[in-house]
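Note sheet for the following structure.
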Amino acid sequence: MKKKTMIVSVLIMFVFSGLALAGQAEKMGCPRGGERGMKQMMACDLNLTPEQTEKAQALTESFHKDIAPLQNRKFQCRTELKLLWMQEKPDVEKLKAKQKELHDLKGQIMEKVMDYRLSFRSLLTHEQLAKFLVRDSGGCFGHHGRKGHHGDQD
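In the numbering used here, the protein residues as written are 36 to 189.
Here you go:
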């Protein structure tokens, strides 16, 4: 029985790993996936100067590099949590510890998203910031790049 559970668990991990890698760009935070995120900002009619665009692209690339390990760890932690729940008699302490770890990772990610958003805002003129704030409240960036999405970046 344990051998079957272990085999199923390993297979599930492989499936989830493939899905995570396939959709990683969509789950990277705000804005959605590098080039698409930049085009999204341009579509917001912020009229960024070439210098602002260059700085925004560098900022976005840096953000993605910083957040990728956290996103990967969050995915791994979720998978481990699911495996713990699949046990016939789950270890309550391990479940609680893994849930806390997942919560902490989400908090770290949200801090990085906030830092990114603040840094992006600092690139804008007063007029651009006014447009951005209108769009950010329910437009281009929505809630961390997902219009109408509440909660975390799942």
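We treat Cβ as the ideally placed atom computed from N, Cα and C, and that holds for glycine. Small disclaimer: the values here were computed from a predicted structure and weren't measured.
- Message: Between which two residues does the alpha helix (DSSP H) holding T114 run?
- Response: Along the sequence shown, read from residue 1 onward, the residue named residue 114 stands at position 79. P85 to M121 is the extent of the alpha helix (DSSP H) around T114.
- According to DSSP, is K124 helix, strand or coil? Stepping through the sequence shown from its first residue, residue 124 is reached at position 89. It is coil, neither helix nor strand.
- Straight-line Cα distance separating K90 from R108: What you label residue 108 is simply residue 73 of the sequence shown in a count that begins at 1. What you label residue 90 is simply residue 55 of the sequence shown in a count that begins at 1. Near 28 angstroms, if we compare the C-alpha coordinates of K90 and R108.
- State whether the stretch 133 to 149 contacts the stretch 85 to 105, with contact taken as three or more CB pairs (one from each stretch) at a distance under 8 angstroms. yes
- So, using beta-carbon positions, are K147 and F98 closer together than 9 angstroms? Along the sequence shown, one-based indexing puts residue 147 at 112. Along the sequence shown, one-based indexing puts residue 98 at 63. It is a contact, given that the beta carbons lie within the stated cut-off.
- Task: State the CB to CB distance for the pair L81 and Y151, rounded to an integer number of angstroms; the pair is presumed to be in contact (CB under 8 angstroms).
- Result: By one-based count along the sequence shown, residue 81 stands at place 46. By one-based count along the sequence shown, residue 151 stands at place 116. Their Cβ separation, rounded to whole angstroms, is 16 angstroms, which puts L81 and Y151 out of contact at 8 angstroms.
- For K129, I'd like the list of residues in its chain whose CB is within less than 8 angstroms of its CB, leaving aside the five on either flank, ordered along the chain. Reading the sequence shown from its first residue, position 94 is the one you call residue 129. Cβ within range, chain order: L119.
- Query: Just checking my contact of L116 with K135 at CB under 8 angstroms: how many whole Å lie between their CB atoms?
  - Reply: Residue 116 sits at position 81 when you count from the first residue of the sequence shown. Residue 135 sits at position 100 when you count from the first residue of the sequence shown. Not a contact, Cβ separation roughly 10 angstroms.
- Task: Would you mind working out which of L164, L159 and S154 sits nearest E96, comparing C-alpha positions?
- Result: For the purposes of this step, residue 96 is taken as the residue at position 61 of the sequence shown. For the residues L164, L159 and S154, the minimum Cα distance to E96 belongs to S154.
- Task: Using 10 angstroms around the beta-carbon of L168, count the other beta-carbons present and answer buried if the total reaches 16, otherwise exposed.
- Result: Counted from its first residue, the sequence shown places residue 168 at position 133. Exposed, since its Cβ has fewer than 16 Cβ neighbours within 10 Å.
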